[in-house]
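In what follows, a structure is listed as structure tokens, so that the remarks can point back to it.
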Amino acid sequence: MDPVVRNFFLGFIKIHILHHASREPIYGLWFIEELKKHGYDISPGTLYPILHSMERDKFLQSYQEVVDGKMRKYYKTTQRGKKTLNEAKDKIQELISEIMEA
Ligand SMILES: [Zn+2]
Numbered sequence: 461m462d463p464v465v466r467n468f469f470l471g472f473i474k475i476h477i478l479h480h481a482s483r484e485p486i487y488g489l490w491f492i493e494e495l496k497k498h499g500y501d502i503s504p505g506t507l508y509p510i511l512h513s514m515e516r517d518k519f520l521q522s523y524q525e526v527v528d529g530k531m532r533k534y535y536k537t538t539q540r541g542k543k544t545l546n547e548a549k550d551k552i553q554e555l556i557s558e559i560m561e562a
């Protein structure tokens, strides 16, 4: 994806992260595959800084676990992240009802 266009959709990607990480812990490579299903092509070099900044801003919390002899970093949505996700849902709903009007 064109970096400028990708930047435009960054908010969608962040909301998507909050959604999945509120259901179960997620890790980078799994999420890259998940985004592919939704039509987003994003590299680890783009995704990881997003995850790090969301953790720094306390939307996500991470922990590490050894999987198949390798350290894997999992992220889950914090209370702050869940609150923000709920606010985003309301805004998305409102936006959809406006822009999808016939
Ligand atoms: Zn998804």
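Under the numbering used here, residues 461 to 562 are what the sequence shown spells out, in order. A virtual CB, placed ideally from N, CA and C, is assigned to each residue, including glycine. Treat the numbers as computed from the prediction; the structure is a model and nothing was measured.
*Which residues in the same chain have their Cβ closer than 7 Å to the Cβ of residue 514, if we skip the five residues on either side of it in sequence?*
Residue numbering aside, residue 514 sits at position 54 when the sequence shown is read from its first letter. Cβ neighbours of residue 514 beyond the five flanking positions: 474, 477, 520.
*So is the beta-carbon of residue 493 under 6 Å away from any non-hydrogen atom of ligand 1?*
Start at 1 with the first residue of the sequence shown, and residue 493 comes out as number 33. Flag unset: Cβ of residue 493 not near ligand 1.
*Would you kindly report the start and end of the unbroken alpha helix (DSSP H) that includes residue 513?*
Residue mapping note: residue 513 aligns to position 53 of the sequence shown, counting from 1. Per DSSP, residue 513 belongs to the alpha helix (DSSP H) from 504-516.
_Own chain partners of residue 510 with C-beta closer than 8 Å, once the 5 adjacent residues on each side are dropped_ = Taking the first residue of the sequence shown as position 1, residue 510 is located at position 50. Excluding residues within five positions, the ones whose Cβ falls inside 8 Å are 470, 473, 474, 477.
*Please work out which residues of its chain come closer than 8 Å, Cβ to Cβ, to residue 542, disregarding the five sequence neighbours upstream and downstream, and give them in chain order.*
Locating residue 542 in the sequence shown gives position 82, where the first residue counts as 1. Answer for residue 542: 478, 482, listed in chain order.
*Among 531, 528, 536, which has the Cα closest to the Cα of residue 522?*
Position 62 of the sequence shown holds residue 522. Checked all of 531, 528, 536; the closest Cα to residue 522 is 536.
*Nearest to residue 500 by CA position, among 461, 548, 488, is which residue?*
Here the question's residue 500 lines up with position 40 in the sequence shown. Selected option, being the one with the closest Cα: 461.
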